[in-house]
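> Per the UniProt record's numbering, the sequence shown starts with residue 1, numbered consecutively.
This structure is in structure tokens; I'll ask about it shortly.
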Amino acid sequence: MAKIDISLDAELVVEVMVLAGIGSPQDAVEAVVRDYIARGHRTETRTESKDRGLRDVDAKPQEPQG
1 MAKIDISLDA ELVVEVMVLA GIGSPQDAVE AVVRDYIARG HRTETRTESK DRGLRDVDAK
61 PQEPQG
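Below is the structure:
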């Protein structure tokens, strides 16, 4: 996997390290990024199921009204 170097505010990284309980700045930031991506995938999965259910309801022919 390709690697990149970025600059972050030291206080931000230290706070991530403390909250995550990880001693390495690199590992702490990587854990946060991986968690963010995983959370996005879980959200997509949940909303996809909901959207699919709504589409199924919309696809059914409706009874004439009036």
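Beta carbons: idealized from backbone N, C-alpha and C, even for Gly.
At which residues does the alpha helix (DSSP H) containing leucine 8 begin and terminate?
Looking up residue 8 in the sequence shown gives position 8. Looking at the DSSP string, leucine 8 is not in any alpha helix (DSSP H), and its letter there is neither H nor E.
> How is methionine 1 classed by DSSP in three states: helix, strand or coil?
Here the question's residue 1 lines up with position 1 in the sequence shown. The DSSP-derived three-state label of methionine 1 is coil.
> Once DSSP output is grouped into helix, strand and coil, what is the label at glycine 40?
Here residue 40 refers to the residue found at position 40 when the sequence shown is read from its first residue. Helix.
> Three-state secondary structure (DSSP) at glutamate 63?
Translated into positions along the sequence shown, residue 63 becomes position 63. Correct three-state label for glutamate 63: coil.
> Cβ atoms of valine 16 and alanine 28: under 8 Å apart, would you say?
Position 28 of the sequence shown, counted from the start, is the residue given in the question as residue 28. Position 16 of the sequence shown, counted from the start, is the residue given in the question as residue 16. It is a contact, given that the beta carbons lie within the stated cut-off.
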